[in-house]
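Counting from 1, position 197 in the sequence shown corresponds to residue 228 in my numbering; the numbering is continuous, with no gaps.
Think of the CB as a built atom: it goes at the ideal place given N, C-alpha and C, for glycine as much as any other residue.
Predicted model, so just to flag it, every value in this text is computed and none were measured.
Please read the structure below before turning to the comments.
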Amino acid sequence: MVRSLVWLAVVAAAGFGGLRFAEAVATVDVGRVELEGELTVPESREVQQAVAGVLSSPGKRGAQDVAAAVESIGWVREVLVRMRWPDTLQVSVVRDTVAAGWGDDAYLTTGGDVVPAPPADARGGTDSDLPILSGSLSDGTETMRVYNLLNAPAHALGLRIVRLDEDRVGNWTVEFADGMAVVLGSKALRERFDRFLVVYSRELAGGKDGAVRIDARYHSGVAVRWDSPEPGT
Numbered sequence: 032m033v034r035s036l037v038w039l040a041v042v043a044a045a046g047f048g049g050l051r052f053a054e055a056v057a058t059v060d061v062g063r064v065e066l067e068g069e070l071t072v073p074e075s076r077e078v079q080q081a082v083a084g085v086l087s088s089p090g091k092r093g094a095q096d097v098a099a100a101v102e103s104i105g106w107v108r109e110v111l112v113r114m115r116w117p118d119t120l121q122v123s124v125v126r127d128t129v130a131a132g133w134g135d136d137a138y139l140t141t142g143g144d145v146v147p148a149p150p151a152d153a154r155g156g157t158d159s160d161l162p163i164l165s166g167s168l169s170d171g172t173e174t175m176r177v178y179n180l181l182n183a184p185a186h187a188l189g190l191r192i193v194r195l196d197e198d199r200v201g202n203w204t205v206e207f208a209d210g211m212a213v214v215l216g217s218k219a220l221r222e223r224f225d226r227f228l229v230v231y232s233r234e235l236a237g238g239k240d241g242a243v244r245i246d247a248r249y250h251s252g253v254a255v256r257w258d259s260p261e262p263g264t
């Protein structure tokens, strides 16, 4: 969740830059705006426009107004704003990193916020590297929580999650880069996933047997569907 604070501590800041921007804010008694944060050029420009829009509006020139405008930018996780005597406004921005696709036309940040497509160099990886998540009943925050719950143990066994889907009745299905999918159902997700991982590590690792779909909704064991006759038959 985005948080905005009026921060009174001293921060190290870099020049926000640009004569045009300095002129835009000078008319409202702010002579200089400084920006702190690891931002791309397009992101810096977006913050610049948000701050200039506030400072050029009559009656809106306080640090809280600036913080509110910057935090409304979809990829901003946190913004800290302070005035430094005599006329310098300091803005510190922390951005969220894009962690996954959200359906076909949006993205999820590491915090689970749904954002439109950000600048390419603000993403955690290329689009082809990002998993695609979707939740019919769950929001982005809950869906990202489920993804994080499953991703670490999967990664430990060399499995890369490329899709995580929740259907209309709350059943979750995980798909891996090798095409194998695991149906987990709607409850006890980690317990069922761990049971699948035991079977995978003992019987399925390497993919030579052609397992394509695993149903882990059983109380003990899993059911495996093969794309070729099961070994030994």
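query	result
Cβ of T140 within 7 Å of Cβ of V129?	yes
Quick check: what's the CA-CA separation for G241 versus R248?	20 Å
Drop a sphere of 10 angstroms on the beta-carbon of N182, count the other beta-carbons inside from all chains shown, and report buried for 16 or more, exposed for fewer.	buried
Could you check if E173 is buried or exposed, using at least 16 other CB atoms within 10 Å of its CB as the buried criterion?	exposed
Taking the continuous beta strand (DSSP E) assigned at D96, which residues delimit it?	Per DSSP, D96 belongs to no beta strand (DSSP E); it is in the alpha helix (DSSP H), 94-102.
So what does DSSP say about R256, is it helix, strand or coil?	strand
Pick from E67, A254, D198, S75: whose alpha carbon is nearest that of V112?	E67
List in chain order: all unbroken beta strand (DSSP E) runs of 3+ residues lying wholly within the region 167-203.	192-197
Spell out the partners DSSP gives A212 in its beta bridges.	E206, R244
Taking the straight line between their C-alpha atoms, what separation do you get for E222 and G237?	23 Å
Just to confirm, are V205 and L220 a CB contact at a threshold of 7 Å?	no
Who are L120's beta bridge partners in DSSP?	V64, M114
For D136, tell me which candidate among R126, P147, G143, D127 has the shortest Cα-Cα distance.	P147
Suppose you measure from the CA of L180 to the CA of V107; what does that come to, to the nearest Å?	24 Å
Is the beta carbon of D258 within less than 6 Å of some heavy atom of the ligand FMN?	The ligand FMN is absent from the structure shown, which contains no ligand whatsoever.
So G171 and D144 are supposed to be a Cβ contact under 8 Å. How far apart are they, rounded?	6 Å
Buried or exposed: A55, going by 16 or more other Cβ atoms within 10 Å of its Cβ?	Annotation note: pLDDT 41 at A55 (below 50); position unreliable, coordinate value reported separately. Counting Cβ neighbours within 10 Å, A55 comes out buried, since at least 16 surround it.
Near P162, what residues of its chain come up, given a Cβ to Cβ distance below 6 Å and the 5 sequence neighbours on each side ignored?	A131, I192, V193
Spatial neighbours of G26 within its chain, please: CB distance less than 7 Å, with the 5 preceding and 5 following residues excluded, ordered by chain position.	Past the edges of the chain, shown from 32 to 264, lies residue 26, and the structure says nothing about it.
Quick one: grab the DSSP three-state call for S165.	strand
Hey, D118 and R63 are a contact pair by Cβ (cut 8 Å); roughly how many whole angstroms apart?	6 Å
Using the rule of at least 16 other Cβ atoms within 10 Å of the residue's Cβ for burial, across every protein chain shown, is G166 buried or exposed?	buried
Could you tell me if W203 is buried or exposed, where buried requires 16 or more neighbouring beta carbons within 10 angstroms of its beta carbon?	buried
Under the three-state reduction of DSSP, which class applies to A137: helix, strand or coil?	strand
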